[in-house]
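In what follows, a single structure is set out as structure tokens and then discussed.
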Amino acid sequence: KIYLEKCGKPELAKAAECFTLAGCYEQAAGVYAKGNYFAECLLVCTKGKCFDLGLKYVEYWKQYAGKGNTAGKEAPEIDKIEMEFLENCAFNYCELNDRESMMKFVKAFPSMDTKRKFLKSRECLDELLLLEEELGNFTEAAEIAWLEGNILREADLIGKARDFDKASSLILLYVLSNSLWVPGSKGWPPKSFTQKEELLQRLISFARHGSNFEAMYIVVKVLSNESSDWSTVKHLFIASQKCKCLIAEMLCCRKILDVHFESNAAKYDWHDMESVNIQSSEELISCSQVSIRTLLLFWNLWKKNIIGLLDSLDVLDVEEFGENRNFCDFCLNYFGARQQLNDLNVTYVLLHPAAEWVKKIHPSFIRRSKKMEFIDSRHFIYAARNHWHAELLLVGLKVLETLESLYKSTATSMSLFQQSICLLNIYEIAKFLNESKGKHLDSKSFEWRIRNFLMQSFKYFDNVFPLDPRQSMVENMISLRRTELSSDLLEEFVLQDTNNKGLLSYGQIGRTVMILLASGGHSEDLYKKIVGKIPTEPWKSFMEILGSKKSTERTEEERTEESVSVNPICEGKTLESHEAFSSSNSDLECCRKSLNNPSEVLDLVFVQKFSEALQDTFNANWIRLNDYISPGCFLYLVERFLILASQRRGSFFTTRSSLVEWLISEQSEVLPTSRLAINTQSLENFYYSILVMVKQFIFDKVGTVEWISRSKISVNAYYKLFVLRLVVILCLLCVNCGKYYDVLYQVLSNNDVRNQLPKYFYGVLRQGMKRNYLQTSEVGEAFRNASDPLLFVSLGENDTRKYSNVIPVQLGTNCNREDIIDSLFPARIGSQTPNTTVPKVMTNQFTTSPSNYGNQPKSLIMPLSEVTPLSEQILQMNWALFHEISDFLKLISSSENDGTFANISVVVQKVKEEINTHINFLTAAITLPAGKKLYAGEDMIKELHLMLQELKQLHSLLETSDSEVASAERLLKSLLSRKPKLETLLSQCIVPEDNNDCEEKGNTVCGEVEKIELPSATTNVESNNQVAERKQPGKGKKSKKHKGKGKKK
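Numbering (the UniProt record's numbering), first residue to last: 1 to 1049.
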């Protein structure tokens, strides 16, 4: 004070020093300030911790004082002093954790860079973020939020920076990943969490100002829709595809699969399962109900996307995703990961480090930095790949379980085709999962389940080769068998047998040969593998020839028309086989021309070896074998052998089922076959060998019944059918070679045989036998009533012979398999599509002439009317009518108010007339003579009677009142529900339109009728005693009852 009072301004510095020494820092600072000693003032303030006072002086000097006049200090030095003071003050408050006070000094820093540098050095990112936002630096503030791991704050700041697309993407990342990976979740289904709806609304508000609003809106709808119902989600899926939003599409796809998994069989629509032709995705999606085809559609869509995602994962190792951006973005959004570069190395920051998928990564690979956890790209890719492979397996297994459940719960009501569709898709999916498992994760827990599904799919064999071949002779089944998937499944069935240890049994050989004969395109390696597993020489030789023949057929299909060379791989084997055959089988002769055509030589060898193999099986001591060939399998091979041998004549008789089987198996187009390929004696020997087998099976009932029983087939259900097939084969022998009618008479005279045959079938044949001759037309009539028409097949030339009740088929260079098979199964009126407007359908429907209802196959060389009289054309059940009536009823309801359907009574009358036609058809089908009826169990008969009652009720209810319309709708729904059970039965039921008995029909058309005199019973026919002593395949001696029934080996 003395210096201050006595000496004045010149001694202010000494006065301030005295105050400082005395600890009076505020007075010292004031004295320094009064004398413009800036540096000393701030130093004293710092020493005395008078930070606020010093800050006031700083602010004061910035406004009023000239720094150049500050006690001789230069401006840069003064700035440095000021900055040191402010930093010291800020640091002091930072140490005291007084962030508010600290920020007063930070804000006084001379530049933004110094502020950022200080706050970052002290890890005061929250304060820096607020400071940046306060100053309007939203982009810089968002970067700080990113470092803090605060994605929602970052999104808000980016939104303030008007980058709305990025802001909405960040909120989507948070919401989606948080929905999927809440604690305890394994990634699906999405779950709710606090603020989810609020965040989705914020996302929409950002997206509305961005360039991708439509896609974001669909995603929000998907995420906000917790309940997954078919109608809502399918529309969201359609919208996601239109706007090309992969995230929404994949989420919808997965939700729709869940809808299918959670729906029971009653909720499934089976009407789209009636054709091999796949509907478009748009048509399937528009369906009001889920179905097996919608399940498969969305499984395949989802699988395709997952495979695409898996293929794109490697791109995550680089900064730019390129053309894989959509898949990569989805992956990051799904897992809640964000890309970050660390020294040019790509790493991924984890939004949910505790998520289930992260637990699969070893903890040592997870690094932590401040508030973030991250992993290298290679570990992220590894974890993502494992997750999606596991997800692919899990979802695939759920699809399989759903298909299995539907198959088991509705197998009795599904048609053979619907069952086959289920089994084929079970195989395809199980095969895919079996091939994709285990590549990137330990999937042993899945192996036994996949294996079980593969084994279940092998039931398809029984559908392709049912005990009653007529069951599979429907258009959709034939089309299905010609698909690549069907061939693959049947080949897999063969591989399962051949992969077992040991040699093949007769049962396995039989099943294998059936498949190989019925399909083509199998590899040469497969045939070699099978040959190595066959224990008997006849079947081994047959299989070698079959492999060579199939290989040659494939080669011929690839030749040009001018080429005559054969496959070099097979040529040596073909000629070698021919030489071996010629040296040991003098009965079968080839014309010299054939020697120049190895393919035809091979065909002849094939027939002979086939005969020897059948004889080997027939003579086996089956009683001691564990897996002998089944009756159905053996008869299938006999029928195939019969047609292969008969075709050498140039023309022959066969059944529709046998011809279709032959045509399906042919790889190349159907070509004419030479008449000179085989001599008469050899052909008769082949026929006689078949006769011997047929007689043995018929007359040794005890052995036959035991054979059926040991094959694990119900004797009561199958024996009638077995006898019918044997009689059909015997009839074919008779009409093809003009012999053995006495054996046929002998068989038909057998009381047991007569009791097993359908009465009408037996009656037609028996009537001819009473006259001592049997007309071919009568055989044709009997076959037609057995639902397997008789065909007269001409090879290579236009045969002008005509037979009543026999369908002529011309095979030659101008015909191919497609034309022939289509001609044998003409389109039925009942298969018309119902997806047309009711008035138009009704107009066409009720003006159709009765002749359009015929289901007799058309000939390739003559019109239908030349084969079957008009009076014999039949009615068919038109299932599509019920759909059309339903649409019509809906139109009635709407037209009552707007008057758009003026002539409603006329159309109603026509509808009732059509229903009345169906009532007559069903009544006739139920009341047909016993001989004409198809075999049906009590439950099927009950279904027919119930359907008839419902048709009658529907006829009376077709009025225009709302109440009657509602009742009619219920009846229509019930009628359609019976389709899976009754369609096959009714499609085979033959009902003449006039419903007259057809006993005398068959001779009224075609002019000349062939009459065949019965030959002597002594011609190449064994006596009854010889028949009784003849050994039967599989009928080895086990007791006195079986004496002479087979050779013991």
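Beta carbons are placed, not taken as given, at the ideal position from N, Cα and C, and that holds for glycine.
In the pairwise beta carbon analysis, the segment 212-231 is classified as not touching the segment 386-393: fewer than three pairs are separated by under 8 Å. Taking Pro538 as reference, the option from Glu969, Asp468, Tyr382 and Phe610 with the minimal CA-CA separation is Phe610. Contact between Tyr334 and Tyr506 does not hold, since their C-beta atoms are separated by about 55 Å, which reaches or exceeds 8 Å. Rounded to the nearest angstrom, the Cβ distance from Phe825 to Leu975 is 25 Å, too far for a contact under 8 Å. When beta bridges are read from the DSSP output, Ser651 appears opposite Ser794. For Phe380, same chain residues with a beta-carbon under 7 Å away, outside a window of 5 residues either side, are Leu316, Ala337 and Tyr348 in chain order. The Cβ-Cβ distance between Met83 and Tyr93 does not fall below 9 Å. Annotation for Ile664: the continuous alpha helix (DSSP H) segment containing it runs Arg656 to Ser665. Where Tyr760 is concerned, the enclosing alpha helix (DSSP H) starts and stops at Lys759 to Lys770. Annotated three-state conformation of Leu341 is strand, per DSSP. Per DSSP, reduced to three states, the secondary structure at Val318 is coil, with no helix or strand assignment. Around Trp357, the same chain offers Gly187, Phe335, Ala383 and His387 as residues with beta carbons nearer than 7 Å, after the five sequence neighbours per side are excluded. In terms of CA proximity to Glu391, Leu433 leads the group Leu433, Asp376 and Gln746. Distance from the CA of Leu604 to the CA of Ile643, rounded to the nearest whole angstrom, comes to 13 Å. Taking C-beta atoms under 8 Å as the contact rule, Leu170 and Leu147 fail to qualify, at a distance of about 14 Å. Going by beta carbons, Leu790 and Thr655 fall inside the 9 Å limit. Excluding the 5 residues flanking it on each side, Lys701 has same chain C-beta neighbours closer than 7 Å at Asp752, in chain order. Rounded to whole angstroms, the separation of the alpha carbons of Ile450 and Glu435 is 10 Å.
Secondary structure at Gln456: helix, using DSSP grouped into helix, strand and coil. About 13 Å separates the Cβ atoms of Phe321 and Gly308, ruling out a contact at the 8 Å cut-off.
When the five nearest sequence neighbours on each side are left out, the beta carbons in the same chain lying within less than 8 Å of the beta carbon of Ala161 are those of Phe138, Thr139 and Ala142, in order along the chain. The beta carbon of Gln756 is closer than 6 Å to those of Lys720 and Val723 in its chain, skipping five residues each way along the sequence.
Here Trp448 is exposed, its C-beta having fewer than 16 other C-beta atoms within 10 Å. In the three-state reduction of the DSSP assignment, Tyr803 falls in the coil class, being assigned neither a helical nor a strand state. Annotation for Asp819: no beta strand (DSSP E) segment contains it, though the alpha helix (DSSP H) segment containing it runs Arg817 to Leu824. Taking C-beta separations shorter than 6 Å and ignoring five residues to either side along the sequence, the partners of Lys459 in its chain run Leu423, following chain order. Here Leu691 is not near Cys731, since their CB atoms are 9 Å or more apart.
Taking each of Arg640, His271, Asn685 and Asn626 in turn and checking the Cα distance to Phe417, the smallest one comes out for His271.
In this structure, the beta-carbon distance from Leu726 to Phe697 falls below 9 Å. In the DSSP assignment, Asp376 falls within the beta strand (DSSP E) that extends over Met372 to Asp376. Membership of Ser519 in any alpha helix (DSSP H) is not indicated, and neither H nor E is assigned to it by DSSP. Secondary structure of Pro808 (DSSP, three-state): strand. The count of Cβ pairs closer than 8 Å, one atom from the segment 764-779 and one from the segment 732-750, reaches three, so the stretches are in contact. One Cα belongs to Lys973, the other to Ser967, and the distance between them is close to 10 Å. Following the DSSP letters along the chain, one finds Ser288 in no alpha helix (DSSP H), marked with neither H nor E. Glu428 and Ser804 have their C-alpha atoms roughly 46 Å apart.
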